[in-house]
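Protein chains in written order, with this note's numbering: chain F, 191 to 308; chain R, 113 to 226. Glycine is no exception: its CB is placed at the ideal position from the N, C-alpha and C atoms. Beneath this line is the structure, given in structure tokens, with notes to follow.
As structure tokens, this is what we get:
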């Protein structure tokens, strides 16, 4: 079992609310990621970070924002939730391997947050 | 365009039977290919990783194969158990960036019946 945690596991909220999905890892990994996954579909990268104070947008456009103030913590925030944000959000982390192009380093995933916006 | 295609989309087998899941990819330049198992309501967990030079790798009852020439991989599950019911995701990493960008398939949903 990977040491990466997400809270809450399930969240049902109304439209317009501000929410923060928490992600923490105790493995000391530099790289962290947020993915969005809909049923029967592939994971889409929405944000990633190389380390503290580093945040980048992923492949899938997202209205969410992230921050990386501490190595172990990578929260995702939605300022105003909408029904289109209903999805599963998965956080992951991996070691930094600057010695090679590309990486064999495994990404360890958290259990996910199932978000439903009414 | 880098893509990962998996088949079948879903599969139902009886406990104790074997099955094989397929993955075709177009990711280039290729770095490695992983098979992940994702239980319902959980995050994916890595089963195997294969690099360009590896043809076969086993992890217990799971055996993955890779043909880098045809860009195909398979995951064979032997003597299936009820706990094997999950989504199996093929994930390919490219060599083109320090991020090690991952390309995900949509998964094969396996159901094992008693």
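- Message: Taking only three categories from DSSP, how would you classify residue 289/F?
- Response: Here residue 289/F scores only 45 on pLDDT, less than 50, and its place in the model is too uncertain to base an answer on.
- Query: When you check each C-beta in the region 153–180 of chain R against every C-beta of chain F, which residues fall closer than 8 Å?
  - Reply: 153, 154, 155, 156, 157, 158, 161, 163
- Query: Are there 16 or more other CB atoms within 10 angstroms of the CB of residue 202/F, so buried, or fewer, so exposed?
  - Reply: exposed
- Note down, in chain order, every chain R residue with its Cβ under 8 Å from the Cβ of residue 340/F. Residue coverage of chain F in this structure runs from 191 to 308, which leaves residue 340/F outside it and unanswerable.
- Task: Compute the beta-carbon to beta-carbon distance between residue 277/F and residue 305/F, rounded to the nearest angstrom, for a pair I have assumed lies under 8 Å.
- Result: 6 Å
- Can the beta-carbon of residue 301/F be found closer than 9 Å to that of residue 153/R? yes
- Proximal residues of chain F, C-beta to C-beta of residue 145/R below 9 Å: In chain order: nothing, as chain F lies at least about 11 Å away.
- Task: Go ahead and pull the three-state DSSP assignment for residue 308/F.
- Result: coil
- Would you mind sorting residue 200/F into buried or exposed? The rule is 16 or more other CB atoms within 10 Å of its CB. exposed
- Query: Would residue 189/R count as contacting chain F if we go by Cβ distances under 9 Å?
  - Reply: no
- Item | At least three beta-carbon pairs within less than 8 Å, the region 181–196 of chain R to the region 134–142 of chain R | yes
- Kindly say whether residue 215/F, judged by its beta-carbon, lies nearer than 9 Å to any beta-carbon of chain R. no
- Query: Are at least three pairs of beta-carbons, each pair with one atom in the region 190–207 of chain R and one in the region 116–134 of chain R, less than 8 Å apart?
  - Reply: yes
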